[in-house]
Structures are given as structure tokens and as C-alpha cells.
Amino acid sequence: MLLDEMQSRLGSIPDNIKQRIETIENEKLLKAFFRKLPAYKNFYEIEDALDHSKSIYGKDGFTYQQNYDTMFKWVAQEFRGKTLALFGLKTDPIVDVFTLEPVEIKVKSGRLDIIFKDKAGQYYHCEEQRNMTEDDLHRGSIYHFQAVHQLGVNVTDFLLISGQPYTGPQIIESKSGVYRPLIIDLTGKDGQKRLSEIQNEIQNNNFDSLIELIFVPLYGKEKGKERSNFAMKVIDFEIELLKKNQAYQNLVFATLVMCNKLVAKETLEQYYEEIANMIDILEIAEEKGIEKGMEKGMEKGMEKGMEKGMEKGLREMVLDVLEERIGIISPGLVKNINAITQIETLKSLHRQAIRSDNISHFEERIAQVVN
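The opening position of the sequence shown corresponds to residue -3 in the working numbering, with each subsequent residue numbered one higher.
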């Protein structure tokens, strides 16, 4: 099925790539390739992935960009329809979340950097700064005016300060204008206290603050081992929620990305592997009829348990492809896709999703199927 979709999308498959894929026995790797297929523009990129990734789903294959994309998409989806009250800002509900990456400006890797648009048409640029310096403020001003130029509207910048408190100037005046970002000092927050409060809220079935867990590891003035231990405490709590089906795996992945350089790389890799393996175990436990996972389920689909696993897997792949191709998926569309149980219909939708560039056309197709 992977080779069929690859040929349908990119054309005739070179023999060397076909042979290499046919020799892959790791089912999770095949599944990961299948999900990533829409991201590959040509066979050179596929060959590069084969050459440089022992695993495109585990610690050897996780590049920062892939992880940042995961975090960004999840944050974007979670903030839709909500305000930025979490950051102490009074806004209308958020209707869009995106990034701007001007070619002229090199933004430091390992930092949250996104733009929110609310219902009133106001734009808010959020950037995380660890151990911020005055140079960072000047770089931020360049980004700000570039964003204003591209968007053609005013943009409110707010900086999330973590690590060391920032004591430098907070305003830059130049011939281009005045740069006056909102400084949100996370170092003044009590991380341990806030984590305890969120834990109590969740125990009482209040999940409103779940997304804040991504930022909690940045709270406070702790350094070194103390900071690392606290970040791992937050991650461990999220994993427990995941085991109880009270949180999405993307919450944990997003927090791992946010903990970049707070926690040792080797430890983060261990967390990645634990989550990936745990998700597989949960899926197998949910459907005992699946003996060889997604690949065998799609090939045979005879036993009832396999059919259920196949349905679930196809639904997940439709959603994954849509995210890769189009971006954020509305909750209504997710609900409609999850309501479809016919395997052939799901296969057809998956093929359409791979080729789709227009979410409206795809939603019309889903509506026809559901109704």
C-alpha cells in the first residue's frame, strides 16, 4: 500500500528505492513513512530519509523541525476558539495561528515563535526568549517590523521570558518606529505551585489548563539540575495522563520540544521512545485481534478485531495526511471522520486527502458520506 500511494503521488518509483522499502521489516517504520508521505516532494527526499534516518518515528529520526511542527500544530489547534488569557492578555477568541519566517532573519532554533489572530482581526506575535539579552530585543524589533510589512496590519508582540530575568531596556525607538513588546516574565511564576494547582484541577475533571502544562517547565528561576528535574516532573505527569487517556500524545511531544535544552538530549530521546512504545501497546491492548499492527490489519482485515484496528488506523492516517497537506483541522471535521466505519470509504478518503489542496472540497465530500 505504501508503494502504491508513493507511485500515485510521485510517479514511477526508482528500483533502488523500491527495493529498499520492500526490505523494511519494521512495521512502525513503514507506518511512519506512510504518514510522512505527503511531506516528501520527490524521490530525492525519500532517499535522503532512508539514508539518514534509522527511524523516522523514533529518536534517530526526530529532527527539531519535525518536532516543532508537531508542537505548533497542536498549540494552534488547542488555541482556536480560546483567548490568550493564559498569558495575561485580553483578546477575542483566536481564529487563526500561523508562523512567519522572513528569509532575511535567522530565528534561533529551539524557541516557540508563532502569531495569533483573534476574532476582532488583531494580531499577536508570541516568542519565547530564554536568558534574554538586549541583542534579542533588537532582533525581535527587526522581526516585528518585517511581520507588520508582510501582514499590512499592526502586530502586538509579547515575549515569554524564561531562564534569567531580563533587566535590560524594554523599548527601542528608531526612525522606523517604536518597538514596545509586552514582557511576560515567566521567571516570576512558581512552577511547583502551578503544577500542583493544575493537578488538583484535573483530579476534579477540570481540563481547562491542560495546554498550560507546555509552558510550566519554563516557570521560575531554577537552574541546572533543579530545572531539569522539575521539567521531567511535568513530563512524567503528562505521561500518566496519557496512560489514563486524559491527554493527547501531542501534548507530551509539544512539552518535550519546549524542554529543549532544559533536559539532557539523551533523556528526551528516552521519553520519545517511551511514548512511542506506550502508544503502540495501548493500541494493541485496545484491539486484541491486531497481531501485527497496522500493516497486517490493512492487508487482511478479516477478523473483527483487525477490522476495528484497520478502521482506526485509516482514520488516523486520513487526519495525519490532512494536517500535513492543509494544516489545522476543525473539531467538526475530526468528528465526522471518526464517525465513518466503512473501510473502503476511509481508503477512498485517504487517497483524496493525499491529493487535496482545498479543505472546503474535502469537507463537502465528508458531508456527503456522513449524510
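Here a beta-carbon is modelled for each residue, glycine too, at the ideal position from N, C-alpha and C.
Just so we're clear, the structure is a prediction, and the values are computed from it rather than from any experiment.
Quick check: what's the CA-CA separation for residue i versus residue j?
{"i": "D114", "j": "Q73", "result": "14 Å"}
{"i": "P165", "j": "T129", "result": "9 Å"}
{"i": "I271", "j": "V248", "result": "8 Å"}
{"i": "L264", "j": "L252", "result": "7 Å"}
{"i": "Q146", "j": "I42", "result": "33 Å"}
{"i": "E169", "j": "L155", "result": "18 Å"}
{"i": "K171", "j": "N201", "result": "52 Å"}
{"i": "L214", "j": "K229", "result": "12 Å"}
{"i": "T59", "j": "V317", "result": "Residue placement at T59 is flagged as unreliable, the pLDDT there being 46, under the threshold of 50; a coordinate-derived value is accordingly withheld."}
{"i": "M313", "j": "H134", "result": "43 Å"}
{"i": "Y139", "j": "L(-2)", "result": "41 Å"}
{"i": "E23", "j": "E1", "result": "17 Å"}
{"i": "S105", "j": "D204", "result": "Any reading at S105 must be qualified, since the residue scores a pLDDT of 44, below 50, and its modelled position is unreliable; the value itself is stated next. Going from the Cα of S105 to the Cα of D204 covers about 29 Å."}
{"i": "Y268", "j": "R223", "result": "20 Å"}
{"i": "P34", "j": "R311", "result": "16 Å"}
{"i": "V330", "j": "K185", "result": "36 Å"}
{"i": "M257", "j": "Q266", "result": "The displayed chain sequence assigns Lys, not Met, to residue 257. Distance between the alpha carbons of K257 and Q266 is about 15 Å."}
{"i": "Q242", "j": "L206", "result": "10 Å"}
{"i": "E319", "j": "E360", "result": "17 Å"}
{"i": "Q199", "j": "K189", "result": "15 Å"}
{"i": "M294", "j": "C255", "result": "A caution first: M294 carries a pLDDT of 46, below 50, which makes its placement in the model too unreliable to give a value."}
{"i": "E193", "j": "E18", "result": "51 Å"}
{"i": "L26", "j": "V259", "result": "30 Å"}
{"i": "Q3", "j": "E236", "result": "41 Å"}
{"i": "I355", "j": "K78", "result": "22 Å"}
{"i": "G220", "j": "Q348", "result": "49 Å"}
{"i": "Q15", "j": "N273", "result": "27 Å"}
{"i": "G216", "j": "I167", "result": "24 Å"}
{"i": "L85", "j": "S8", "result": "52 Å"}
Going by beta carbon distance, what residues of the same chain come within less than 7 Å of residue i, once the five residues before and after it are set aside?
{"i": "E307", "result": "T337, I339, L342"}
{"i": "E282", "result": "Only weak support is given to the placement of E282: the predicted model assigns it a pLDDT of 46, under 50, and the value that follows is read from those uncertain coordinates. Correct list: empty, nothing qualifies."}
Assuming contact is defined by CB atoms lying nearer than 7 Å, are residue i and residue j in contact in what I supplied?
{"i": "D121", "j": "D88", "result": "One detail in the question is off: residue 121 reads as His in this sequence, not Asp. No; because the gap between Cβ atoms is not below 7 Å, this pair is not in contact."}
{"i": "I180", "j": "F83", "result": "yes"}
{"i": "P10", "j": "F39", "result": "yes"}
{"i": "L178", "j": "I157", "result": "no"}
{"i": "Q125", "j": "D132", "result": "yes"}
{"i": "A143", "j": "L80", "result": "no"}
{"i": "V149", "j": "Y119", "result": "yes"}
{"i": "R5", "j": "I350", "result": "yes"}
Which two residues bound the contiguous beta strand (DSSP E) that contains residue i?
{"i": "I110", "result": "109 to 114"}
{"i": "I436", "result": "Residue 436 lies beyond the stretch modelled for the chain, which goes from -3 to 367, so this question has no answer here."}
{"i": "R76", "result": "That residue, R76, is in no beta strand (DSSP E); it is neither H nor E in DSSP."}
{"i": "G164", "result": "No beta strand (DSSP E) holds G164; DSSP gives it neither H nor E."}
{"i": "V91", "result": "90 to 94"}
{"i": "G173", "result": "173 to 175"}
{"i": "Q125", "result": "119 to 126"}
For residue i, is the beta carbon positioned less than 6 Å from some heavy atom of the ligand GDP?
{"i": "S356", "result": "The model depicted lacks the ligand GDP and carries no ligand whatsoever."}
Excluding the 5 residues preceding and the 5 following residue i in the sequence, name in chain order all residues of the same chain whose CB lies nearer than 8 Å to its CB.
{"i": "E218", "result": "G187, F226"}
{"i": "F233", "result": "L191, Q195, L209"}
{"i": "G173", "result": "F141"}
{"i": "A363", "result": "N332"}
{"i": "V151", "result": "I111, Y119, Y120, H121, H140, A143, V144"}
{"i": "I101", "result": "In this prediction, I101 has a pLDDT of 36, which is less than 50 and means its spatial position is unreliable; what the coordinates show is noted afterwards. These residues qualify, in order along the chain: R135, I138, Y139, Q142."}
{"i": "E21", "result": "none"}
{"i": "V212", "result": "G187, R190, L191, I194, V230"}
{"i": "E197", "result": "F203, D204, S205"}
In the DSSP assignment, find the alpha helix (DSSP H) that holds residue i and state where it starts and stops.
{"i": "V151", "result": "Unbroken run through V151 is the beta strand (DSSP E), 151 to 158; no alpha helix (DSSP H)."}
{"i": "I17", "result": "11 to 18"}
{"i": "R135", "result": "130 to 147"}
{"i": "D0", "result": "-2 to 6"}
Tell me which same chain residues have a C-beta within less than 6 Å of the C-beta of residue i, skipping the five on either side of it?
{"i": "N127", "result": "G159, Q160"}
{"i": "F112", "result": "I90, V93, Y120"}
{"i": "E123", "result": "D109, L155"}
{"i": "K239", "result": "none"}
{"i": "Y162", "result": "M128"}
{"i": "L345", "result": "V314"}
{"i": "N12", "result": "none"}
{"i": "E262", "result": "none"}
{"i": "A116", "result": "D88"}
{"i": "Y36", "result": "I42"}
Residue i CB to nearest chain D CB: under 7 Å?
{"i": "G216", "result": "Absent from the structure is chain D; it holds one protein chain and no more."}
Item to check | Entirely enclosed alpha helix (DSSP H) segments - the region 183 to 254, minimum 4 residues | outcome: Correct list: 187 to 199, 220 to 239, 245 to 254.
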